[in-house]
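Note sheet for the following structure.
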Amino acid sequence: MEKTLKKEKFNSLITGLKDQGYKTIAPKKDSNLVMLDEVQSADEIHLDHVQTNNSIKEFFLPKTEKILSYRIEKNKVSMEEPEGFAVKTVVFGSRPCDAASLPIMDKVFNWDCTDKFWVQRREATTIVTIACDKCDNYCFCTSVGLAPDSKEGSDVLLTKVSDDEYLVETVTEKGEKLVESLGTVFTPADNPGTETLNRQVATVENKFEIEKVKPWLDENFVHKVWAEFSTKCIGCGACTFVCPTCHCFDIVDECTMSKGDRVKNWDGCQFKMFTLHTSGHNPRSTQDQRWRQRIMHKFKYYVEKFDSILCVGCGRCSRVCPADMNISEMLEIIATEESQPVNKE
Amino acid sequence: MIEALRKKAEELLRSKTVDVIYGYGEGSTPERTRPVFITKPEDVNKLTWNKYCVYNLTTYLKRQEARKLGKPAIVVKGCDAKTIIVLIKESQIKREDVYILGVTCNGVGEPQATKCKACDIHTPRIYDELIGEKIENKEISFEERYAEIEEYEKLSEKDKWEFWQKQFAKCIKCYACSSICPLCFCDRCIVDKNQPQWIDPSAHPRGNLSWNVTRAYHLAGRCINCEECQRVCPADIPLNLLNKKLAKETEKNFKYRAGYNIDDELAMATYKEDDNQDFIK
Amino acid sequence: MENIYKPYLMNISDMIDEAPGVRTFRLNFLNEDEGKNFQFQAGQFALYSVFGYGESTFCIASSPTRKDYIECTFRQAGRVTNALSELNVGDTIGFRGPYGNVFPIEEWEGKNLVFVAGGIALPPLRCVIWNCLDLRDKYKNITIVYGAKTVADLVYKHELKEWNARDDVNLVTTVDPGGETPDWSGKVGFVPTVVEQTAPSSEDTIAIVCGPPIMIKFTLPVLEKLGFKQEKVYTTLESRMKCGLGKCGRCNIGCTYVCKDGPVFTAEEISKMPDEF
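Protein chains in written order, with the numbering used here: chain A, 2 to 346; chain B, 2 to 282; chain C, 4 to 280.
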């Protein structure tokens, strides 16, 4: 039976989740930003936005996290495992692109060996997505095989059907259990069948033909466009840090004389230090090489290794870029080049 | 004005006075511009000038990728031109290394950038060629120039601490602030030095505090208030409050404003026996 | 669920200074059971950590045929290796590994082997050299060409003597011009040149090359000239790594994770990778 969630029930939803011991993450206004963050009440939830400034990534791969603690006494060391990092959580109101990033990242954190910090948080978290009813010029989910109402990675998908009502679709067993457990928070649709017709879903313009991107990348590791496009790049990490699929990290120790932590921190391929060897040799010593790495990793290397594009078209990197580097523009250039090859000099 | 700019740029490239123009071009949306690097005279039509030209393009003087293109002419607003004065004073560039295409400016940004509200530098104080009608640089009082931080200064010490703790909690350590800063030109930044580890690399409260405070202090008496760090911060941290506060203290104590006069001695790199030392007691 | 980032604790049971700034540690597992269950093969690497300073990546320098201990040799260069060099016998370090792929020494059985190493890159080959020497009957001629900047910079000096004295090893040592001492009896010249002069036969021979990028760059063409096919030339790549487990994304060269798919590659495999190492 079709179910809906009325806005007036948001309160009971949050209370219901709290009662069941869930931590609830939802979009929240923070001066000029809209951030996915912990909420205590429904009043805090902000849904009038295209995209949250932060991605869903940080709830599975935090910007900094302990992976080991230790104590040092003279020359003896004892180690302790971090605990309590995987808290029962519901992410409510994330966008379909963010949700779709999760199964893509599952591949790298599970292949060959399992990163429990990612995996256990994934297991503990239920994703309730709200389909996008609006988009902006930076959105390009439809160009990477997704849509503003994609279900990939979501456990429950909500779609606006009127100003105060959302159609509820359960996507996974986990989602079904959650909906069931909240009982009357979700109500049977007033007019079964019609809600599906009134779904308010944004129209995201298709900007480039994705199938043309990889063939071009296969042939053009050396090409003038890398440098031409990236001269303006200032080499910061904003694009990689706001990206829901960029997952590179650093491991460092932080300690006092007697105890310390080994921590995992976000790191990014646009920093010149990222690949610098101790000897001073740097395999990617210039920004065009680093920019190429970001594009190649997302649209060629990851595809070859894990059979997924490492991009969900959320557009965050382009929105925050200090120098207005626009990733979909780069991909448009690539897709066009693939159709009309020009000389590479 | 755009036409005059393009004409001059074309002339500079044709005469080989410079190899490249660092200028503003159309951005990915109508509300944005982006840095462009014009090396061919026939490409000068890519140059533009409008109220969205917020960037301080002198930051590309520190980037090897831009420097590789040869001697530049840089489009600078009055505020940006101050950077060149500091860079010359700090021996980072020679005056003859850059051709300064000064543009007169009545303010940028939509809504208008904070720095424009008390602007006393509509016309650059240093240039090789001025584009646009000269606008008289009006003197603006000390109070008015630092009005932006008035509210902040009224906070108690405890409230200030809480305010910054909340702000720095948002920091993700992407280093956009230092990457965009034309005066953050150290080849190896202090955050990249780990023997010893001066600044915790983690984006936790301690690491974020030490990074943001160190960054601001390293710009004390040097920052020319282009506000680029604040503009680019993806976490929306009001970094310019720190810069502005330090600029105010520098002016109060040393009567020095960074980038205003090429003959001024640098506040932090000049020793004087009669320096005001009250602040250090 | 197991924490893949948790290291074993190891005791430093012995140390040898090999060359200025270069030291070898002999390590034993603090937990004996862990030690008994531990297995590795020649070519693999590990992450060694000094608690409070972090982890550093280098190869296991001892042979898997010597089961009672692990040895590693490092040059004092960065934060972690400097901290390592402050440690003494009896101190505890962290050890994560073994990681990465291996030298296919079983495939090499019945063949001649030529090892070429430069400077601090002998340790990664020492593991496989000893492994093959400990199984000496399985291989035909074994040639080792090893060079360093100066005589002092040569590592494993005691073992070089031992190899030199053996009839079943052809050891050629060299130092860069100007790096020789009055009593130096080895060659003077850069490694690629010395390889050319030594001219090992490529007939039924495997070459294993390890050294700084510049040495590898000039040695590969020499081997090609001597008739070595690319698939018969092996090397082990150095790359900046953090996790060693194919997660952190740092060591990627194209879609290759050096930490998982490497560090051992043939020259043929390397020729197909993007030029980013």
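Cβ coordinates follow ideal geometry from the N, Cα and C atoms, glycine included.
Out of the options, which one is the CA nearest neighbour of residue i?
i	options	result
Tyr149(C)	Leu138(C), Lys143(C), Val117(C)	Val117(C)
Met106(A)	Leu179(A), Arg122(A), Lys208(A), Thr25(A)	Arg122(A)
Ile101(B)	Lys78(B), Lys118(B), Thr115(B)	Lys78(B)
Glu66(B)	His282(A), Asp254(A), Cys234(A)	Cys234(A)
Asp20(C)	Tyr11(C), Ser59(C), Leu90(C), Ile219(C)	Leu90(C)
Val40(A)	Gly94(A), Lys7(A), Ser79(A), Glu82(A)	Gly94(A)
Thr130(A)	Ile211(A), Val202(A), Cys270(A)	Val202(A)
Cys62(C)	Phe280(C), Glu279(C), Arg243(C)	Arg243(C)
Gln271(A)	Ile3(B), Leu240(B), Ala177(B), Glu91(B)	Ala177(B)
Lys179(A)	Ile310(A), Gly236(A), Ala125(A)	Here residue 179(A) turns out to be Leu, not Lys, going by the sequence shown. Answer by Cα proximity: Ala125(A).
Lys116(B)	Ala204(B), Lys90(B), Asn57(B)	Asn57(B)
Lys275(C)	Gly257(C), Cys262(C), Pro266(C), Val267(C)	Gly257(C)
Comparing the C-beta of residue i with each C-beta of chain B, is any distance below 9 Å?
i	result
Met258(A)	no
Asn138(A)	yes
Arg78(C)	no
Ile235(A)	yes
Gln41(A)	no
Ala27(A)	no
Ser280(A)	no
Here's the rule: buried if 16 or more other CB atoms are within 10 angstroms of the residue's CB, otherwise exposed. What is residue i?
i	result
Gly71(B)	exposed
Leu156(B)	exposed
Glu305(A)	exposed
Lys58(A)	buried
Ala120(C)	buried
Cys187(B)	exposed
Asp254(A)	buried
Asp201(B)	buried
Trp199(B)	exposed
Tyr272(B)	exposed
Trp162(B)	exposed
Pro284(A)	buried
Leu332(A)	buried
Ser287(B)	With chain B covering 2 to 282 only, the question about residue 287(B) has no answer from this structure.
Ser56(A)	buried
Phe98(C)	buried
Glu58(C)	buried
Taking only beta-carbon atoms, is residue i less than 9 Å away from chain C?
i	result
Tyr302(A)	yes
Asp113(A)	yes
Gln1(B)	One cannot answer for residue 1(B) here, as it falls past the ends of chain B, which runs 2 to 282.
Val92(A)	no
Asn254(B)	no
Cys249(A)	yes
Glu220(A)	no
Ile73(A)	yes
Under the assumption that residue i contacts residue j (Cβ atoms under 8 Å), give the Cβ distance between them as a whole number of angstroms.
i	j	result
Thr65(A)	Ala190(A)	Their Cβ separation, rounded to whole angstroms, is 44 Å, which puts Thr65(A) and Ala190(A) out of contact at 8 Å.
Ala49(C)	Pro101(C)	6 Å
Val321(A)	Pro235(B)	4 Å
Cys136(A)	Val205(A)	5 Å
Tyr23(B)	Val76(B)	7 Å
Leu128(C)	Cys213(C)	5 Å
Cys114(A)	Leu248(C)	6 Å
Arg146(B)	Ala119(B)	5 Å
Would you say residue i lies against chain A (beta-carbon separation less than 9 Å)?
i	result
Val99(B)	no
Thr95(C)	yes
Gly265(C)	no
Arg216(B)	no
Gly28(B)	yes
Lys235(C)	no
His205(B)	yes
Can you find a CB in chain F that lies within less than 9 Å of the CB of residue i?
i	result
Thr127(A)	Note that chain F does not occur in the displayed structure, where the protein chains are A, B and C.
Practice task
Counting only runs of 3+ residues fully inside the region 142-227 of chain A, write out the beta strand (DSSP E) ranges in chain order.
Solution key: 157-163, 166-171
Practice task
Mind listing, in chain order, the continuous alpha helix (DSSP H) runs of no fewer than 4 residues lying wholly within the region 262-333 of chain A?
Solution key: 288-297, 303-307, 317-321
Handout entry: Contained beta strand (DSSP E) runs [length at least 3] in the region 148-178 of chain C, N- to C-terminal order
Key = 173-178
Exercise for the section: May I have a chain-ordered list of the beta strand (DSSP E) segments no shorter than 3 residues that lie completely inside the region 4-50 of chain B? Expected result: 21-27, 34-39
Exercise for the section: Please go through the region 66-143 of chain A and give each complete beta strand (DSSP E) segment of 3 or more residues, from N-terminal end onward. Expected result: 77-81, 90-95, 126-131
Exercise for the section: Identify every run of the alpha helix (DSSP H) within the region 163-194 of chain B, keeping only runs that are complete inside it and at least 4 residues long; order them along the chain. Expected result: 177-181
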